[in-house]
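All residue numbers for the sequence shown refer to UniProt numbering, where the first residue is 1 and numbers rise by one.
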Amino acid sequence: LQDPRTKRFNFDPHLLNIPSIDDFRFDTVPGFIPSGKDETLADIATELNTTKANSVKYYSSTSSMTSVLKHFHTLLSKSKHINTSQFSKAFPESASVAPSMNLPSSSIVSPRGTSSSEIFYSIDSDKTGDMELVLSLLGHELELFFTTPPDEFKQHLHSTFSNSSEPPPDVNVASCYNYAKISKFLMRSQLDARHPDLPNKGTFDIKTRAVAAIRYDIHHTHFHPTDYSIVRTHGLFESFEREMFDCARSTLLKYQLQARIGNMDGIFIALHNVKKVFGFYYLSLDEIDHIIQGYSESMAELGKEYKSVDKCLEELDNIVDDFGSHYQTKREHLSVYMADFEFKSSMKIWEDLLDHIDTLVKGRPFRLITRYEGKHLDDHIEVIVNVLDDESLKLLTNTTDKVDEIVKENELSLKDDHELLLTPTDRIQHSSKNLHKLSRNLWEVNNKIFQSTKNETYLFAITADHYINGKKSTTSHPEPPTSIIDPGTKDRWEIKYSLKQVTDMGYIKRRYKKFIKSLRCLGGEISVLPKFEDGEAESRLYLDTTANIKQRILRAYSAKNQKRELTNFN
C-alpha cells in the first residue's frame with residue numbers, strides 16, 4: 001500500500017488507516033445467515049426436489065462445509081506437505097500444515113421440509129465453541145471498506161454523525177450469493193467482488209488476514225494492540241512472505257474450497273494489524289491449487305545430484321509439450337486436476353456418510369464431530385454422531401446465550417444501568433478475561449449431551465486408498481502421472497474408501513472426550529494474559545515470561561516498530 005522507504009503510496013491513501021470497530025455501525029451490514037435459517041436456500045432446495053433428477057438432500061454454506069472438508073483433504077492427500085517452491089531459502093523446502101488444521105470440526109445437521117415431502121437437511125457449523133473476536137468483526141468492516149467509495153463508507157461510521165442532532169440515516173447493504181449443486185448437495189457461496197478483466201464470471205473472494213503478531217497472540221492483542229508491521233517482501237519476519245507462508249500452512253485450504261464451491265476465479269487477500277493496512281495480493285484458484293497440491297517427492301528431488309538423467313529429460317519434455325496451456329508447467333496443471341478430483345471425491349464420501357447416518361437417525365437432528373487421525377499407515381477420519389433430542393439441541397443452541405450471560409456479569413460490575421452499553425472492544429475484552437468460565441460451561445454442556453444421547457451416539461471410521469491405472473498406490477503421497485491430463489489419455493485414477501461403524505462404547509466415550517477437549521475454545525490456543533505491574537511501559541511487553549518464545553519475538557518486533565515510528569526512521 002505504502003512504500004516503507006519512500007513513503008510513496010501505491011494505492012489510495014485513505015486505505016491505510018482502519019476505522020475502529022467501535023466506530024463502525026454493524027447494524028448497517030447484513031449478518032451471517034446460517035443455512036438452517038436461510039429461507040431462500042430452503043426454497044431453492046424445495047423447488048429442486050419437485051423433480052427427482054435435480055433433487056437435493058443436504059444444503060449448506062461454504063463456511064460450514066470447509067471445516068469438515070479440510071479433514072477429507074488431509075485423508076486423501078495423506079497429510080501432504082504444502083508446496084513451498086515459491087518461497088525463499090529462509091523457509092523450509094517443504095512444510096506440514098499448521099496444528100490448527102487438525103482441530104476437530106463440529107456441525108449440526110437439522111431436518112427440513114414438510115411432512116408431505118421428503119426430508120432434507122441443513123448443515124451448519126456448531127458455533128457453541130466460538131467467541132467474539134476483533135478479527136471476525138473487522139472482517140465484515142473491511143470487506144465494505146475495500147468495496148465502497150470513501151464518501152459512501154463514511155455513512156457506516158458513528159463518528160460521521162457524532163455532531164449531528166439528526167439520527168444516522170438507514171443504510172442497507174445487500175448480500176450476493178452463488179448457488180451450486182453437486183450430487184445431493186446444494187451449496188451457497190457469498191460473492192464479495194467482481195472484476196471484468198478476470199476470466200469466466202470474474203468473481204472473487206475478499207479475505208482480510210491479520211499479521212502473525214496477532215494470530216499467534218490473539219487474546220493478548222485484545223488488550224495490547226500490536227504495532228507489528230510489514231516492511232519488506234521477503235524474510236522470516238515483517239514480510240509479505242512470512243504472512244503468505246503462514247497462510248499456506250493454515251487457512252489457504254479453506255480459501256481454496258470456498259473459491260472452488262463458489263466458482264470464483266481466486267482470492268484477494270488484504271494484510272493488516274487491525275490499525276493499518278499494509279498491502280494486498282491476489283491468488284488465482286490455479287495458484288492456490290498448486291501450493292496445496294504441488295508438492296511431490298519427485299519434485300523435491302529435482303536438481304539434486306542423484307536425480308536420474310531420464311527424469312530430468314522427462315521434466316524438460318513436459319515444459320516444451322505444455323505450450324498450449326496458460327500454466328507455467330505441466331505439473332502446475334496436474335495440481336489443478338488433482339484439487340478438483342479430490343474435492344469431488346470428498347463430496348462423494350461425505351454424501352455416503354450422511355446417507356448412512358440418515359438410516360439411523362430417521363429424520364431427527366444430529367451433530368457431527370469430525371477429525372482426521374494420522375497414524376503412519378493407519379490414517380483415517382473418525383466421525384462421532386450425537387442424535388440430538390430436544391433437550392440436547394436446546395443445550396447447544398442456548399450455549400451462546402450462556403456466553404452472553406458471562407460477559408454481562410462483568411458488564412454490570414463496570415457500568416451502571418444508566419450508562420451506555422459496552423463497545424465491541426469492551427465485550428471482546430470481557431470475553432477474553434472469562435475464557436475459563438466459557439470453557440467450563442462448554443465442557444459441562446458437552447458432558448450433558450453425551451449422557452443424554454449415549455445410547456444413540458455413533459462412531460464411524462473412514463479410510464481411503466488410491467489406485468493408479470488399476471494398481472494400489474504405495475507412495476507416501478499418491479498422485480497420478482502427468483499424462484492423465486493429456487487429451488485422449490487412458491490413465492485412470494480411482495479412490496476406494498470404506499466406512500466402518502465402531503461399536504465399542506468405551507472407545508467412543510474416550511474419543512468423544514478427546515475431541516471435545518481439542519475444540520478451539522477448550523484447547524491450548526489461549527495465550528496467557530500478561531502479568532505486569534501497573535504503569536509498566538507497553539513497549540516492554542516482550543519481556544513477559546508467561547508468553548512463549550514466538551509470542552515474545554513478535555512482541556519485540558512490535559516494540560521495534562514503535563521506536564521506528566517515534567524516530568521516523570526509514
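Note that CB positions come from ideal geometry on N, CA and C, so glycine has one too.
From the options, residue whose alpha carbon lies closest to that of residue i
{"i": "N447", "options": "C247, G470, K514", "result": "K514"}
{"i": "S229", "options": "D124, Q2, V134, P487", "result": "Q2"}
{"i": "F146", "options": "K275, F268, S162", "result": "F268"}
{"i": "H380", "options": "K496, N441, Q551, D43", "result": "K496"}
{"i": "S125", "options": "V68, D265, K550, F204", "result": "V68"}
{"i": "T226", "options": "P487, S250, V274", "result": "V274"}
{"i": "D170", "options": "P104, L334, F153", "result": "F153"}
{"i": "S55", "options": "G113, I21, W493", "result": "G113"}
{"i": "R5", "options": "T233, P150, T40, I21", "result": "T233"}
{"i": "L554", "options": "I214, K472, D286, D486", "result": "I214"}
{"i": "G279", "options": "P13, E565, K563, L566", "result": "P13"}
{"i": "E238", "options": "L566, S558, N163, T359", "result": "S558"}
{"i": "K37", "options": "H71, S122, K80", "result": "S122"}
{"i": "S439", "options": "G139, D130, S175", "result": "D130"}
{"i": "R540", "options": "K550, Q562, N548", "result": "Q562"}
{"i": "G31", "options": "T545, V173, D390, F204", "result": "V173"}
{"i": "I468", "options": "A461, P481, I462", "result": "P481"}
{"i": "H430", "options": "L198, T28, H222", "result": "H222"}
{"i": "P11", "options": "K70, N102, K560, Y281", "result": "It is Phe, not Pro, that sits at residue 11 in the sequence shown. Nearest of K70, N102, K560, Y281 to F11, Cα basis: Y281."}
{"i": "L103", "options": "T51, T370, T474", "result": "T370"}
{"i": "P34", "options": "D544, S110, T359, A193", "result": "S110"}
Any non-hydrogen atom of the ligand ADP closer than 7 Å to residue i Cβ
{"i": "V56", "result": "The ligand ADP is absent from the structure shown, which contains no ligands of any kind."}
Rounded distance between the beta-carbons of residue j and residue i, thought under 8 Å
{"i": "A180", "j": "Q256", "result": "A180 to Q256, Cβ: 15 Å. No contact."}
{"i": "I108", "j": "P365", "result": "7 Å"}
{"i": "A212", "j": "E243", "result": "7 Å"}
{"i": "H219", "j": "S432", "result": "5 Å"}
{"i": "T329", "j": "A270", "result": "With a Cβ gap of about 29 Å, T329 and A270 do not count as contacting."}
{"i": "L76", "j": "S335", "result": "That belief does not hold up - the Cβ atoms of L76 and S335 are roughly 14 Å apart, past 8 Å."}
{"i": "T453", "j": "S392", "result": "6 Å"}
{"i": "A98", "j": "R249", "result": "5 Å"}
{"i": "I18", "j": "T425", "result": "The Cβ separation is near 13 Å, so there is no contact."}
{"i": "R260", "j": "L285", "result": "6 Å"}
{"i": "M347", "j": "S183", "result": "7 Å"}
{"i": "F450", "j": "V383", "result": "About 15 Å; that fails the 8 Å criterion."}
{"i": "I349", "j": "F26", "result": "About 38 Å; that fails the 8 Å criterion."}
{"i": "Q551", "j": "Y216", "result": "6 Å"}
{"i": "I206", "j": "E143", "result": "5 Å"}
Cutoff 7 Å; reference residue i; Cβ partners in own chain excluding five residues on either side
{"i": "I292", "result": "I82, L252, L253, Q256, A339"}
{"i": "F24", "result": "E141, H156, L157"}
{"i": "I357", "result": "F366, V385"}
{"i": "S296", "result": "H477, E479"}
{"i": "E419", "result": "Unreliable placement is indicated for E419, whose pLDDT of 44 sits below 50; the coordinate value is still reported in the next sentence. So the list is empty, once near-sequence residues are dropped."}
{"i": "F245", "result": "F87, F91"}
{"i": "T66", "result": "K254, L257, Q258"}
{"i": "T423", "result": "D22"}
{"i": "L198", "result": "F204, D265"}
Residues of its chain near residue i, where Cβ-Cβ distance is below 6 Å and the 5 sequence neighbours each way are ignored
{"i": "V361", "result": "V387"}
{"i": "L283", "result": "G266, I267"}
{"i": "T74", "result": "Y372"}
{"i": "S483", "result": "T489, D491"}
{"i": "F9", "result": "Q2"}
{"i": "V231", "result": "P4, E238"}
{"i": "T463", "result": "H380, S498"}
{"i": "K560", "result": "none"}
{"i": "I516", "result": "N446"}
{"i": "E494", "result": "Y467"}
Contacts around residue i, its chain only, beta-carbon distance under 8 Å, and the 5 residues preceding and following it disregarded
{"i": "K78", "result": "D379, S476, H477, P478"}
{"i": "L313", "result": "none"}
{"i": "L15", "result": "L1, F145, F146, V277"}
{"i": "I485", "result": "K330, H333, L334, Y337"}
{"i": "P167", "result": "F161"}
Any chain D beta carbon closer than 8 Å to residue i
{"i": "H73", "result": "Looking at the structure shown, chain D is missing, and only one protein chain is on hand."}
Three or more C-beta pairs closer than 8 Å, one from the segment 181-191 and one from the segment 61-69: is that the case here?
-> With a cut-off of 8 Å, the segment 61-69 and the segment 181-191 count as touching, because enough Cβ pairs lie within range.
Exercise. Which parts of the segment 340-386 are runs of the beta strand (DSSP E), unbroken and 3 residues or longer, counting only runs that do not cross its ends?
Worked result: Entirely contained in the segment 340-386, the beta strand (DSSP E) runs reaching 3 residues are, in chain order, 366-373.
_Secondary structure, alpha helix (DSSP H): runs of 4+ residues fully inside the segment 426-496_ = Counting whole runs of 4 or more residues, the segment 426-496 contains the alpha helix (DSSP H) stretches 435-453.
Alpha helix (DSSP H) runs wholly inside the segment 196-233, at least 4 long, in chain order = Segments of the alpha helix (DSSP H) lying fully in the segment 196-233: 212-215, 218-223.
For the 8 Å Cβ check, are there 3 or more pairs between the segment 334-353 and the segment 490-504? The answer is yes - the segment 490-504 touches the segment 334-353, with three or more Cβ pairs under 8 Å.
task = Can you check the segment 247-279 for any beta strand (DSSP E) of at least 3 residues that lies completely inside it and give the ranges in chain order?
result = Scanning the segment 247-279 from its first residue to its last, the whole beta strand (DSSP E) runs of 3-plus residues come out as 266-272.
Scan the segment 16-59 and note each continuous alpha helix (DSSP H) run of 4 residues or more that stays entirely inside, going in chain order. List check, alpha helix (DSSP H) in window: 39-48.
Practice item. List in chain order: all unbroken beta strand (DSSP E) runs of 3+ residues lying wholly within the segment 96-171. Key: Taken in chain order, the complete beta strand (DSSP E) segments of 3 or more residues contained in the segment 96-171 are 105-112, 120-125.
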